[in-house]
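Those letters in the sequence shown? Residues 1 to 184, per UniProt numbering, in order.
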Amino acid sequence: MTRHKTTPIRIETERLILRPLAPQDCEAHISMMLDPDVAATLSPNGKPQARHDLWRQFASYLGHWEIRGFGWFSVEEKATGAWVGRVGPWMPDGWPGIECGWSIARPFWGKGYAPEAAIGTIKWTFDQFPDLSRIISNILPENTNSQAVAKKIGEEKTGEVFEFWDFKLDIWAAEREAWRSRFG
Ligand SMILES: CC(C)(COP(=O)(O)OP(=O)(O)OC[C@H]1O[C@@H](n2cnc3c(N)ncnc32)[C@H](O)[C@@H]1OP(=O)(O)O)[C@@H](O)C(=O)NCCC(=O)NCCS
């Protein structure tokens, strides 16, 4: 799926601003990913990846925007302007659907920022893709923090499993009509 519209994107929620990930976010993104608590559920071996690999990962995220016309949003705290993480629609080649993903830098955990940004993301994604019947999130069975986010934003575990790297990821999903009637 590709998005063709070229209007600037800025999503505002109660406490956050979401805008496309941009080159100036590279260092903040690498810092987040070097944190062992964040890497535990995101990197192939559960440990922080090398800086040079994280730089390449970040470059691939910018490339995703180029190819698809959508991708990760940088999430900024309105009150301070701080970069707090990345949340957004994501569908690299071979993915089982458009995913709403989330990662928040460790100092900002526990404020409900991931669910707030995810709700803004899902609204935007359903608006952009009128034929999209569901949005998914791929979550490790042991990632209880992420499962808590999925539940808060109205996703349910489907029973489907997506295998990627050595992970067996549970596919959580929200169906368009049911989600719209709950979140608008
Ligand atoms: C999953 C994640 C995005 C949640 O972000 P968040 O903004 O903290 O979300 P919430 O504030 O809604 O908290 C979600 C859950 O995280 C846990 N949590 C919150 N603050 C925490 C803290 N300071 N320490 C440990 N766990 C915490 C709680 O279980 C919470 O659920 P609850 O609100 O029902 O108690 C964040 O933990 C993260 O970035 N983790 C690493 C990357 C990752 O796993 N991404 C998802 C891949 S599928």
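Glycine residues also receive a C-beta, built at the ideal position from the N, C-alpha and C atoms.
None of the values given here were measured: they were computed from a predicted structure.
Who are residue i's beta bridge partners in DSSP?
i      : result
SER103 : ARG86
ILE11  : LEU18
GLU175 : ARG134
ASP170 : ILE139, VAL161
Between residue i and ligand 1, is there a pair consisting of the residue's CB and a ligand heavy atom that are separated by less than 7 Å?
i           : result
THR80       : no
LYS152      : yes
ILE67       : no
PRO115      : yes
ALA148      : yes
ILE135      : no
GLY88       : no
residue 223 : For residue 223 there is no data in the structure shown, the boundaries of the chain being 1 and 184.
How would you label residue i, buried or exposed, when you count the other beta carbons within 10 angstroms and need 16 or more for buried?
i      : result
ASP133 : Note that residue 133 corresponds to Ser in the displayed sequence, not to Asp. Counting Cβ neighbours within 10 Å, SER133 comes out exposed, since fewer than 16 surround it.
PHE73  : buried
PRO44  : exposed
THR158 : exposed
Ignoring anything shorter than 3 residues, give me the beta strand (DSSP E) runs that lie fully in the UniProt domain "N-acetyltransferase" (15-154), in order along the chain. 16-20, 73-77, 83-90, 99-104, 134-139
Say whether the segment 12-32 touches the segment 79-90, bearing in mind that this needs 3 or more beta-carbon pairs closer than 8 Å, one atom from each stretch. yes
Contact between the segment 60-68 and the segment 113-131 (3+ Cβ pairs under 8 Å): no
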